[in-house]
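**Q**
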Amino acid sequence: MSIEMIANFAYILSAALFIFGLKMLGSPATARRGNLLSSVGMLIAVVAGLTAEGIVSYEYIIGGILIGTIIGALAARLVSMTSMPEMVALFNGSGGAASLLVGWSTLYGGDVSTFTAVTVLIAILIGGVTFTGSLIAYGKLSETINSAALVFTGQRVVNSLLLVAIVYCGYMFAVDPAADSQWLYAMLGLALVLGVMAVIPIGGADMPVVISLLNSYSGLAACAAGFAINNNILIVAGSLVGAAGIILTNIMCKAMNRSLANVLFSGFGAVKQGKAIEGEVKPISVEDAYYLFEAASNVCFVPGYGMAVAQAQHVVKELGEILENNGAEVSYAIHPVAGRMPGHMNVLLAEADVPYEQLVEMDDINPRIENVDIAVVIGANDVVNPSAREDEDSPIWGMPIINVDKARTVFVLKRSMASGFSGVDNPLFFGENTRMLFGDAKESISGVIAEFG
Amino acid sequence: MEIVFLTFILVLSIFLGFELISKVPATLHTPLMSGANAISGITLAGAFLTAGMVGSEIGAWLGAAAVTFATINVVGGYLVTDRMLGMFKSKSGGGK
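Chains as they are written, first to last, in our numbering: chain A, 2 to 454; chain B, 9 to 104.
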């Protein structure tokens with residue numbers, strides 16, 4: 002049996018391990034072992050890849066692995082859970098860059114067929130878009146650049162011209178593929194520009210969709226690179242990742258009641274103004290909040306991005322524990338798009354040691370929300386906005402929400418009376434059973450805990 | 009025939025991916041993404057080929073850069089996923 006044959010069998014084994022690993026991600030109890038299994042699969046694939054025919058010098062490989070390991074390990078160790086969306090955005094970008102470079106460097110391996118040239122182009126295009134798109138997403142998430150949607154007149158014209166230019170350059174390159182072709186360089190530049198153009202019109206609140214989509218792209222780029230170098234494992238692994246990203250994108254879009262096209266092109270903003278809301282805001286003091294908490298037998302926390310900003314997850318969990326010891330049933334209801342990436346809130350609460358049984362999804366809490374004595378909204382706004390249900394003119398009309406307004410009492414922890422990320426007014430704040438607990442979320446909750454003490 | 013064969017693999021894997029991932033609960037969506045990131049570092053296996061050729065200096069440098077980026081994905085992705093999943097604990101204590 003030749004070495005190549007053995008390597009290919011090893012690829013089958015690692016593909017099976019990836020699949021098992023993903024399957025075990027289906028439950029928090031087995032997920033960690035699943036991840037380990039998947040990493041063993043990766044190790045096997047990497048070793049098999051090293052035996053490939055044609056590798057004669059190992060200096061570049063070893064150097065690259067060393068630098069990559071140091072950067073990757075440091076990043077994984079040092080990143081805080083709050084910054085996880087930024088981290089994933091950068092990883093997406095690095096995956097895209099890797100696929101772009103593999104595609105590009107393939108051209109230096111000798112004459113290429115038209116089929117290979119086309120797959121190289123696709124790898125460069127998807128990889129390039131993923132790379133710069135992820136960098137912009139990172140900038141928006143970390144607020145290095147303005148996270149608001151940037152829309153300008155003629156944007157669509159510019160984008161259409163970009164696409165036409167890409168198709169033209171791609172065609173010119175495919176007819177006469179060469180590593181030093183000017184069409185190739187043009188293609189590289191255009192792909193990078195397209196990535197920037199694709200993400201700038203998308204606002205910060207829509208980032209869960211963008212990250213999921215870029216995640217999917219990074220997989221598809223690996224797929225394209227796999228086609229370019231005729232490697233099965235790249236195609237299998239890449240399409241698994243691609244499928245994961247697309248499913249998440251779809252879940253995020255559904256949770257906002259918007260189509261993907263709407264998220265990508267419209268730039269959420271003052272499209273329509275909902276009904277002006279009139280009413281009285283009823284503030285509550287920490288002390289009064291304590292009395293209500295003390296008497297409550299069913300409390301549900303509804304966290305949003307504001308909890309991450311205030312770093313309030315640890316005090317929230319502390320309060321949750323006190324309430325439980327006080328005999329109350331405590332749960333944490335998490336909207337699919339709460340936070341800046343899918344599952345963001347779950348990770349933060351898990352970090353604060355909240356057992357995963359207490360993390361409930363929107364569809365589980367809504368049918369029994371009437372039994373909740375106190376719903377505590379921490380830094381969430383649009384995902385609990387009743388306008389989505391009641392006001393047909395509202396920009397978020399139709400979006401599935403957590404119906405906290407149907408709970409017996411709602412506490413809204415809020416810094417001040419500004420509207421949420423989407424700039425939509427929230428009638429919840431004026432509700433009959435709503436009490437506003439103004440101030441920093443972390444301080445307010447610490448205050449309540451002190452009252453219990 | 010090669011093209012047909014590769015496309016065959018592509019299509020089947022996409023269907024398999026859809027089946028597998030639609031079963032992942034919302035709680036685990038962030039680890040799913042970072043884990044998927046790690047898997048997309050599979051490009052590493054391809055990057056070796058180009059980084060290890062002697063034919064062209066530029067090609068080898070591009071390959072080396074690809075190896076670096078893909079390694080960041082693999083190492084960083086798996087480690088950070090493991091770190092996150094280690095935090096998910098069950099109520100009955102224990103964790104794991």
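By construction, the Cβ of each residue, glycine as well, lies at the ideal position given by its N, Cα and C atoms.
Which one or two residues does DSSP pair with residue 436 of chain A in a beta bridge?
**A** A:412
**Q** Give every residue of the same chain whose Cβ lies closer than 7 Å to the Cβ of residue 173 of chain A, excluding the five residues on either side of it in the sequence, and list them in chain order.
**A** Around residue 173 of chain A: 184.
**Q** Just the Cα atoms here: how many angstroms apart are residue 100 of chain B and residue 325 of chain A?
**A** The alpha-carbon atoms of residue 100 of chain B and residue 325 of chain A are separated by roughly 15 Å.
**Q** Just reading off the alpha helix (DSSP H) that residue 86 of chain A is part of, what are its end residues?
**A** 85-107
**Q** Flag this pair as touching only if the stretch 82-95 of chain B and the stretch 59-67 of chain B have three or more C-beta atom pairs under 8 Å; answer yes or no.
**A** no
**Q** Verify whether the separation of the beta carbon atoms of residue 204 of chain A and residue 150 of chain A is less than 9 Å.
**A** yes
**Q** Could you spell out where the beta strand (DSSP E) holding residue 126 of chain A opens and where it closes?
**A** Segment 115-142 is the alpha helix (DSSP H) holding residue 126 of chain A; no beta strand (DSSP E) there.
**Q** Just confirm the distance between the C-beta atoms of residue 153 of chain A and residue 281 of chain A, as a whole number of angstroms; I'd bet it's less than 8 Å.
**A** Actually they are not in contact, since the Cβ atoms of residue 153 of chain A and residue 281 of chain A sit about 40 Å apart, beyond 8 Å.
**Q** Pairing CB atoms from the stretch 27-47 of chain A with CB atoms from the stretch 248-260 of chain A, are three or more of them under 8 Å?
**A** no
**Q** How long is the line joining the alpha carbons of residue 18 of chain A and residue 123 of chain A, rounded to whole angstroms?
**A** Cα-Cα distance, rounded: 28 Å.
**Q** Please list, in chain order, the chain B residues whose beta carbon lies closer than 8 Å to that of residue 24 of chain A.
**A** 28, 31
**Q** Can you tell which of A:300, A:352, A:135, A:108 has its C-alpha closest to the C-alpha of residue 91 of chain A?
**A** Closest by alpha carbon: A:135.
**Q** Is the Cβ-Cβ distance between residue 229 of chain A and residue 103 of chain A less than 9 Å?
**A** Yes.
**Q** Quick check on residue 138 of chain A: buried or exposed, where buried means 16 or more other Cβ atoms within 10 Å of its Cβ?
**A** buried
**Q** Name, please, each residue of chain B whose Cβ falls closer than 7 Å to the Cβ of residue 76 of chain A.
**A** 84
**Q** For a contact meaning CB atoms closer than 9 Å, what does residue 12 of chain B contact in chain A?
**A** None at all; the shortest Cβ gap to chain A is about 12 Å.
**Q** Beta-carbon of residue 58 of chain A versus every beta-carbon of chain B: anything under 9 Å?
**A** It does; some Cβ of chain B falls within 9 Å.
**Q** In whole angstroms, what separates the C-alpha of residue 245 of chain A from that of residue 236 of chain A?
**A** 14 Å
**Q** Sorted by chain position, which residues of the same chain lie with C-beta nearer than 7 Å to residue 226 of chain A's C-beta, five sequence neighbours on each side aside?
**A** 100, 103, 104, 124, 235
**Q** Going by other Cβ atoms of all chains shown within 10 Å of its Cβ, with 16 needed for buried, is residue 31 of chain B buried or exposed?
**A** Classification for residue 31 of chain B: exposed.
**Q** Which residue or residues does DSSP assign as beta-bridge partners of residue 334 of chain A?
**A** A:361
**Q** Rounded to a whole number of angstroms, what is the C-alpha to C-alpha distance between residue 404 of chain A and residue 291 of chain A?
**A** One Cα belongs to residue 404 of chain A, the other to residue 291 of chain A, and the distance between them is close to 23 Å.
**Q** Here's a check: name, in chain order, each residue in its chain whose Cβ is nearer than 6 Å to the Cβ of residue 370 of chain A, leaving out the five neighbours to either side.
**A** 404, 407, 408
**Q** Between residue 434 of chain A and residue 376 of chain A, what straight-line distance do the alpha-carbon atoms span, to the nearest angstrom?
**A** So the alpha carbons of these two residues sit roughly 10 Å apart.
**Q** Quick one: which residues of the stretch 336-351 of chain A get their C-beta closer than 8 Å to a C-beta of chain B? List them in chain order.
**A** 337, 342, 343, 344, 345, 347, 348, 351
**Q** Just the Cα atoms here: how many angstroms apart are residue 288 of chain A and residue 385 of chain A?
**A** 25 Å
**Q** When you compare the CB positions of residue 39 of chain A and residue 50 of chain A, do they come within less than 9 Å of one another, or not?
**A** Contact: no.
**Q** At the level of alpha carbons, what is the spacing between residue 238 of chain A and residue 390 of chain A?
**A** Distance between residue 238 of chain A and residue 390 of chain A, taken at the CA atoms: about 41 Å.
**Q** Should residue 224 of chain A be flagged as near chain B, meaning a C-beta pair shorter than 9 Å?
**A** At least one chain B Cβ lies under 9 Å of residue 224 of chain A.
**Q** Would you check if there are 3 or more beta carbon pairs closer than 8 Å linking the stretch 15-33 of chain B to the stretch 311-320 of chain A?
**A** no
**Q** Please name the residue, chosen from A:108, A:27, A:182, that lies closest to residue 70 of chain B on a Cα-to-Cα basis.
**A** A:108
**Q** For residue 20 of chain B, count neighbouring C-beta atoms within 10 Å of its own C-beta (all shown protein chains included) and say buried if the count is 16 or more, exposed if not.
**A** Exposed, by the Cβ-count rule.
**Q** Could you check whether residue 7 of chain A and residue 52 of chain A sit closer than 9 Å to each other, using their CB atoms as the reference points?
**A** yes
**Q** Could you give the residue range of the alpha helix (DSSP H) that holds residue 236 of chain A?
**A** 233-256
**Q** Under 9 Å between beta-carbons, which chain B residues line up against residue 112 of chain A? List them in chain order, please.
**A** Per Cβ cutoff of 9 Å: no residues; residue 112 of chain A is ~12 Å from chain B at best.
**Q** Mind checking whether residue 457 of chain A and residue 443 of chain A have CB atoms under 9 Å apart?
**A** For residue 457 of chain A there is no data in the structure shown, the boundaries of chain A being 2 and 454.
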